[in-house]
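**Q** For the sequence shown, the numbering used here assigns the number 8 to the initial residue and increments by one for each residue that follows.
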Amino acid sequence: MDRGLNTRCLHLQETEGKTENYGALSFPIYQTATYAHPGVGRSTGYDYSRLQNPTRDHLERIVAGLEYGKEAFALSTGMAAITLLFELFAPGDHIISESDLYGGSIRLFNNVSLKNQYEFTFLDCATQDIEAAIRPNTKAIYLETPTNPMMNVSDIAKIAEISKKHGLILIVDNTFLSPYFQNPLLLGADVVVHSGTKFLGGHNDTLAGFIVTNRDDIIEKLRFLIKTTGAGLAPFDSWLILRGIKTLGLRMERAQKNAIGLVNWLKKQPAVKAVFYPGLPEHPGHEIMKKQARGFGSMITFNVDTKDHALKILEEVKMIKYAESLGGTETLITYPTTQTHADVPEEIRLQNGITPCTLRLSTGIEDVEDLIAELEKVFATLE
Ligand SMILES: *Cc1c(COP(=O)(O)O)cnc(C)c1O
Numbered sequence: 008m009d010r011g012l013n014t015r016c017l018h019l020q021e022t023e024g025k026t027e028n029y030g031a032l033s034f035p036i037y038q039t040a041t042y043a044h045p046g047v048g049r050s051t052g053y054d055y056s057r058l059q060n061p062t063r064d065h066l067e068r069i070v071a072g073l074e075y076g077k078e079a080f081a082l083s084t085g086m087a088a089i090t091l092l093f094e095l096f097a098p099g100d101h102i103i104s105e106s107d108l109y110g111g112s113i114r115l116f117n118n119v120s121l122k123n124q125y126e127f128t129f130l131d132c133a134t135q136d137i138e139a140a141i142r143p144n145t146k147a148i149y150l151e152t153p154t155n156p157m158m159n160v161s162d163i164a165k166i167a168e169i170s171k172k173h174g175l176i177l178i179v180d181n182t183f184l185s186p187y188f189q190n191p192l193l194l195g196a197d198v199v200v201h202s203g204t205k206f207l208g209g210h211n212d213t214l215a216g217f218i219v220t221n222r223d224d225i226i227e228k229l230r231f232l233i234k235t236t237g238a239g240l241a242p243f244d245s246w247l248i249l250r251g252i253k254t255l256g257l258r259m260e261r262a263q264k265n266a267i268g269l270v271n272w273l274k275k276q277p278a279v280k281a282v283f284y285p286g287l288p289e290h291p292g293h294e295i296m297k298k299q300a301r302g303f304g305s306m307i308t309f310n311v312d313t314k315d316h317a318l319k320i321l322e323e324v325k326m327i328k329y330a331e332s333l334g335g336t337e338t339l340i341t342y343p344t345t346q347t348h349a350d351v352p353e354e355i356r357l358q359n360g361i362t363p364c365t366l367r368l369s370t371g372i373e374d375v376e377d378l379i380a381e382l383e384k385v386f387a388t389l390e
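#1: Thinking just about the alpha-carbon of each residue, which of W246, Y109 and E381 is nearest to the one in P153?
#2: Identify which residue in G292, H316, G46 and G286 has its Cα closest to the Cα of I307.
#3: Using DSSP's beta-bridge definition, name the partner residues of V282.
#4: Leaving out five residues before and five after E381 in sequence, what residues of the same chain have Cβ atoms less than 6 Å from its Cβ?
#5: Please report the distance separating the alpha-carbon of I137 from that of D197.
#6: Shorter than 7 Å, the distance from the beta carbon of N155 to the closest heavy atom of ligand 1, or not?
#7: Which residue comes first and which comes last in the beta strand (DSSP E) that contains K146?
#8: CA-CA distance, S104 and I148?
#9: Can you tell me which of T365, Y187, L193 and R142 puts its alpha carbon nearest to the alpha carbon of K165?
#10: Our contact map puts A238 next to L82 with C-beta atoms below 8 Å; I'd like the distance itself, whole angstroms only.
#11: Helix, strand or coil for V324, going by three-state DSSP, please let me know.
#12: For F183, which three-state DSSP category applies?
#13: Closest to R10 by CA distance: which of R49, L273, G46 and G72 is it?
#14: In terms of alpha-carbon separation, which member of E323, Q346, S305 and T344 lies closest to E383?
#15: Among R49, R57 and I295, which has the Cα closest to the Cα of Y37?
#16: Cβ of L150 versus every heavy atom of ligand 1: is any distance shorter than 7 Å?
#17: Return yes when the C-beta of G216 is under 7 Å from any heavy atom of ligand 1, and no when it is not.
#18: Spatial neighbours of L59 within its chain, please: CB distance less than 6 Å, with the 5 preceding and 5 following residues excluded, ordered by chain position.
#19: Just to check my reading of the structure: L249 and L66 have Cβ atoms closer than 8 Å, yes? What is that Cβ distance to the nearest angstrom?
#20: Any heavy atom of ligand 2 inside 7 Å of the beta-carbon of D350?
#21: If G209 sits next to G251, beta carbons under 8 Å apart, how far is it from one beta carbon to the other, in whole angstroms?
#22: In three-state terms, what does DSSP make of T39?
#23: Confirm, please, whether the CB-CB distance from F34 to T14 is below 8 Å.
#24: Identify the continuous alpha helix (DSSP H) that holds F206 and give its terminal residues.
#25: By alpha-carbon positions, which one of Y342, R301 and I69 ends up nearest to N190?
#26: Less than 7 Å separating the Cβ of T145 from some heavy atom of ligand 1?
#27: May I ask you to check if the CB of A11 is nearer than 7 Å to at least one heavy atom of ligand 1?
#28: Any idea if F188 is buried or exposed, counting beta-carbon neighbours within 10 angstroms, 16 or more meaning buried?
#29: DSSP three-state call for R49: helix, strand or coil?
#30: Under the assumption that E74 contacts V200 (Cβ atoms under 8 Å), give the Cβ distance between them as a whole number of angstroms.
#31: Work out the CA separation of R142 and T388 for me, nearest whole Å.
#32: Decide if G30 is buried, meaning its Cβ has at least 16 other Cβ atoms within 10 Å, or exposed.
#33: With a CB to CB cut of under 7 Å and the five nearest residues on each side skipped, what residues in its chain are close to N359?
#34: For the putative contact between K77 and I178, defined by C-beta atoms under 8 Å, what is the C-beta separation to the nearest angstrom?
#35: Starting from F116, trace the alpha helix (DSSP H) in both directions and tell me its first and last residue.
The structure is reproduced here in C-alpha cells:
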C-alpha cells in the first residue's frame, strides 16, 4: 500500500516472487463457468463463476488496493454496481442524494428505487444544508464529486463527518476522477462506486462497474447479493479492465493535460459563455478539489451562446466523436439534454444548470494541437 499509484496499477504484492501461471505477466482469463471439486467436502476455493472467478478476483484486489478499500466487487456495468448497492436498503428508507448526477443514476432512483418505496431528497450537496435534510429514516448520502455534468464539487470529508454523526452510509460515485486522482474512502466515505467502463477500462471497448468498501457489514451483504443476483463481471471483461488499469496513470495525466489545453482555448472563444472545470481558479470548488483530490480530471462542461450553435458543433465534429460515455482514449463530446440526461425531468435539468446550450467534453489522449485545430474549424462554421 505504500507504493506509488502507477506502480500499484501494475504490480500486486501477492503475485510477486511467485512463478504460478508460468510467470505470465498478463493474468490468465479463467474462462470457466464451474470448477471441479477435489473430493467430497473439499474445494479449491472456487465453486461456480457467478460466485467467484480467479480473473475477476485478481481485478477486484487491484481495484480495492487503488481505492484503499478492504474489498472490491466487479459488476457487469456501473449501473449494475449502483443497483446492487441499493439492494442494501429496504422500503421506507430515506436517501439524501446529490441532484446533479449521472442520468442513469437519476433514472434508477426515480423508477426502480421508487417502486421499492425508497424515499429521496435531492440536494445541491456543494451548497445546501445536508444535515437539515436528515430524517429518522435516513440511511445514506449519495454523492458525485465532481458532478456529471455540471462539475460541482462537494467536500467529502465534511459530509463524511455529518454522515458518521448520524450513522449513515456515505456513498461516493468516483467515476469522474478515478482512484488515480481521488480516494473517497480515505476522506471518510463508506462506499465508493465506479463505472469501470470509463477511466478504469479507459479504451471505450468494454463495460464494467465497481463497489469498494472497508465496512465488514457491507462486504458481507454484498457477497450474498452478488451470489444471489448474479451481475458479476465476466472473465474476459475483467481481463480488459485489468489491462486498462495498467495505463491508468499515463492516461489520466495525459487526458488532464489535454483538458487544460482545451479549457484555455474554450475560454477565449466569443461563442463560449461559460466553462465548468474545477481546475480553473474561479471555479467555486477549486480549493476543495485541491484539498481532496490529486488532480482536476479531464471532463469539461461548457455553455455556448445558442442552442443552434450547440447542435452545429455536434454536427461538425469529425475526429472528436459525438458520442455518449467518457474516460476513454478518444475525445468525445455529448449533449446532456438529449443523451446522458434525457430521462431527467426538464425542470430538474434546468434547475441543475443543464440547458440546451450545454455541451460536455471528455478529453482523450490525442495531441492537444489536433483537438484544438479541429475545434477551431468547427467554431469557424458558427456564424
Ligand atoms: C457512466 C456512468 C455511470 C454508469 O456506468 P455504466 O458502466 O455505463 O453502467 C455511473 N456513474 C457515472 C458518473 C457515470 O459516468
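Note that CB positions come from ideal geometry on N, CA and C, so glycine has one too.
All values derive from a computational prediction rather than experimental measurement.
**A** Judging by the given coordinates:
#1: As a working mapping, residue 153 is identified with position 146 in the sequence shown. That would be Y109, whose Cα lies nearest to the Cα of P153.
#2: As a position in the sequence shown, residue 307 is number 300, starting the count at 1. Considering only alpha carbons, the answer is G286.
#3: Counting from one through the sequence shown, the residue named residue 282 turns up at place 275. According to DSSP, which records beta bridges pairwise, V282 is partnered with F309.
#4: By one-based count along the sequence shown, residue 381 stands at place 374. Taken in chain order, the residues that qualify are M326 and I327.
#5: Within the sequence shown, the letter at position 130 stands for residue 137. Within the sequence shown, the letter at position 190 stands for residue 197. I137 and D197 have their alpha carbons spaced roughly 17 Å apart.
#6: Taking the sequence shown and counting its residues from 1, one reaches residue 155 at position 148. Yes; taking the cut-off as 7 Å, the Cβ of N155 has a heavy atom of ligand 1 nearer than that.
#7: Position 139 of the sequence shown, counted from the first residue, corresponds to residue 146. Looking at the DSSP string, the run of the beta strand (DSSP E) that includes K146 is T145 to E151.
#8: Position 97 of the sequence shown holds residue 104. Position 141 of the sequence shown holds residue 148. Distance between the alpha carbons of S104 and I148 is about 6 Å.
#9: By one-based count along the sequence shown, residue 165 stands at place 158. Comparing Cα-Cα distances from K165 to each of T365, Y187, L193 and R142, the minimum goes to L193.
#10: Residue 238 sits at position 231 when you count from the first residue of the sequence shown. Residue 82 sits at position 75 when you count from the first residue of the sequence shown. Right, the Cβ-Cβ distance comes to about 5 Å (below 8 Å), so this counts as a contact.
#11: Within the sequence shown, numbered from 1, the residue matching residue 324 stands at position 317. If DSSP states are grouped into helix, strand and coil, V324 belongs with coil.
#12: Here residue 183 is taken as the residue at index 176 of the sequence shown, counted from 1. Coil.
#13: For this step, residue 10 is matched to residue 3 along the sequence shown. R10 has its Cα closest to that of G72, out of R49, L273, G46 and G72.
#14: Along the sequence shown, one-based indexing puts residue 383 at 376. The shortest Cα separation from E383 among E323, Q346, S305 and T344 belongs to E323.
#15: What you label residue 37 is simply residue 30 of the sequence shown in a count that begins at 1. Residue R57 is the option with its Cα nearest to Y37.
#16: In the sequence shown, counting from the first residue as 1, residue 150 sits at position 143. Incorrect: L150 has no Cβ contact closer than 7 Å to ligand 1.
#17: The residue you call residue 216 lines up with position 209 of the sequence shown. Indeed, a heavy atom of ligand 1 lies less than 7 Å from the Cβ.
#18: The count along the sequence shown starts at 1 and reaches residue 59 at position 52. The question names Leu, yet the displayed sequence has Gln at residue 59. Only Y53 meet the Cβ criterion.
#19: Here residue 249 corresponds to residue number 242 of the sequence shown, with the count starting at 1. Here residue 66 corresponds to residue number 59 of the sequence shown, with the count starting at 1. The Cβ separation is near 5 Å, so the contact holds.
#20: By its list of ligands, the structure shown excludes ligand 2, since it contains just ligand 1.
#21: Counting from one through the sequence shown, the residue named residue 209 turns up at place 202. Counting from one through the sequence shown, the residue named residue 251 turns up at place 244. At roughly 4 Å, the Cβ-Cβ gap stays under 8 Å, so G209 and G251 are in contact.
#22: Start at 1 with the first residue of the sequence shown, and residue 39 comes out as number 32. Three-state DSSP puts T39 in coil, outside helix and strand.
#23: The count along the sequence shown starts at 1 and reaches residue 14 at position 7. The count along the sequence shown starts at 1 and reaches residue 34 at position 27. It is not a contact, given that the beta carbons lie outside the stated cut-off.
#24: As a working mapping, residue 206 is identified with position 199 in the sequence shown. Under the DSSP assignment, F206 falls outside any alpha helix (DSSP H); it carries neither an H nor an E label.
#25: Along the sequence shown, one-based indexing puts residue 190 at 183. Of the listed residues, the one whose Cα sits closest to N190 is R301.
#26: Translated into positions along the sequence shown, residue 145 becomes position 138. It does not: the Cβ of T145 is nowhere closer than 7 Å to a heavy atom of ligand 1.
#27: To locate residue 11, count along the sequence shown from 1; it is residue 4. Correcting the residue identity first, residue 11 is Gly in this sequence and not Ala. Incorrect: G11 has no Cβ contact closer than 7 Å to ligand 1.
#28: Here residue 188 is taken as the residue at index 181 of the sequence shown, counted from 1. Buried, because 16 or more other Cβ atoms sit within 10 Å of the Cβ of F188.
#29: Here residue 49 refers to the residue found at position 42 when the sequence shown is read from its first residue. Strand at R49.
#30: Here the question's residue 74 lines up with position 67 in the sequence shown. Here the question's residue 200 lines up with position 193 in the sequence shown. At roughly 10 Å, the Cβ-Cβ gap does not stay under 8 Å, so E74 and V200 are not in contact.
#31: As a working note, residue 388 is residue 381 in the sequence shown. As a working note, residue 142 is residue 135 in the sequence shown. Straight-line Cα distance between these residues: approximately 53 Å.
#32: In the sequence shown, residue 30 corresponds to position 23, counting from 1. Its Cβ having fewer than 16 others within 10 Å, G30 is exposed.
#33: As a first step, residue 359 is located in the sequence shown; it is residue number 352 there, counting from the start. Closer than 7 Å at Cβ, skipping near neighbours: S106, D107 and M157.
#34: Here residue 77 corresponds to residue number 70 of the sequence shown, with the count starting at 1. Here residue 178 corresponds to residue number 171 of the sequence shown, with the count starting at 1. Their Cβ separation, rounded to whole angstroms, is 16 Å, which puts K77 and I178 out of contact at 8 Å.
#35: Residue mapping note: residue 116 aligns to position 109 of the sequence shown, counting from 1. Note, F116: alpha helix (DSSP H), G110 to N117.
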